[in-house]
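Structure first, then comments.
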Amino acid sequence: MILGTETERKFLVRDGWPRDAPGHYIRQGYLPSAPGITLRVRWTEKLGTITVKTPVFAGTRWEAECSIPPDTAAQLLTTCPNRPVEKVRHVWIVGDLSWEIDEFKGRHTGLVVAEVELLHPWQDIVLPTWVGEEVTHVRAFHNSVITKTESFHDVLALWRQALIKENKHIKCRNALDVQSIDERYQRMLGMLESHSHNNGPL
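Just so we're aligned: the sequence shown equals residues 1 to 202 in the UniProt record's numbering.
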């Protein structure tokens, strides 16, 4: 078993990302767990894992991971309440940082996100040109939430709804604020649709 902390930042990916980066196919789903805790099952051709993650506090969370046979992982995925997500994870090294680029497949084809693991939450990093809007704290882009959706359109719709709700809680907003959110939504939608045209089935 591996026990440790995790500090990551997550971003949407623009066109021009390194599609030729080495990658491997992943299927992952989530089992029922206590509130705030995620219990992830991941399958790859050579390895299966079960990972328990705590909520994020000050940019960091604890996680414990245990290796299991791929066949066992495949069986556990059939018991998940929501359909697993499918993706190819590419790894791209930029300086001292390892970027994990998740190219979603199946029903979420078109969604591409990148994660980078940091030493601490305040670490300064230089973003590659293909890195887009940060979505680290956007629940709609958490894999456990993505499993509950049917397409990247659903993911973006959740993001838009959450952003409008958040803005209403902060202070009274006018029509221009919703217009600004919708403009961001349309830009993101166009970017993901561009990915979907270039991102065929595995």
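For glycine and all other residues, C-beta sits at the position ideal for the given N, C-alpha and C. As the structure is a prediction and not an experimental result, all values here were calculated from the model.
| request: Give a yes or no on whether the C-beta atoms belonging to A64 and V52 are separated by under 7 Å. | output: yes
| Same chain only: Cβ atoms within 6 Å of L118, ignoring 5 sequence neighbours per side | T7
| query | Is it buried or exposed for W92, if we count other Cβ within 10 angstroms and need 16 for buried? | reply | buried
| query | Hey, would you say K10 sits closer than 7 Å to T136, going by beta carbons? | reply | The answer is yes: Cβ separation under 7 Å.
| message | Can you check which of these residues, L127, N198, E193 and G59, is closest to L97 by C-alpha distance? | response | L127
| Nearest neighbour of H115, chosen from E133, P84, V41 and Y25 [CA to CA] | The sequence given here has Glu at residue 115, not His. Checking every option, the nearest Cα to that of E115 belongs to E133.
| task | Enumerate in chain order the residues of its own chain whose CB-to-CB distance from H120 is below 7 Å, with the five nearest sequence positions on each side excluded. | result | The residues are T7.
| Comparing alpha-carbon positions, which option in T129, A73 and P55 lies nearest G16? | T129
| said: At the level of alpha carbons, what is the spacing between C80 and I101? | reply: Per the coordinates, the alpha-carbon of C80 lies some 24 Å from the alpha-carbon of I101.
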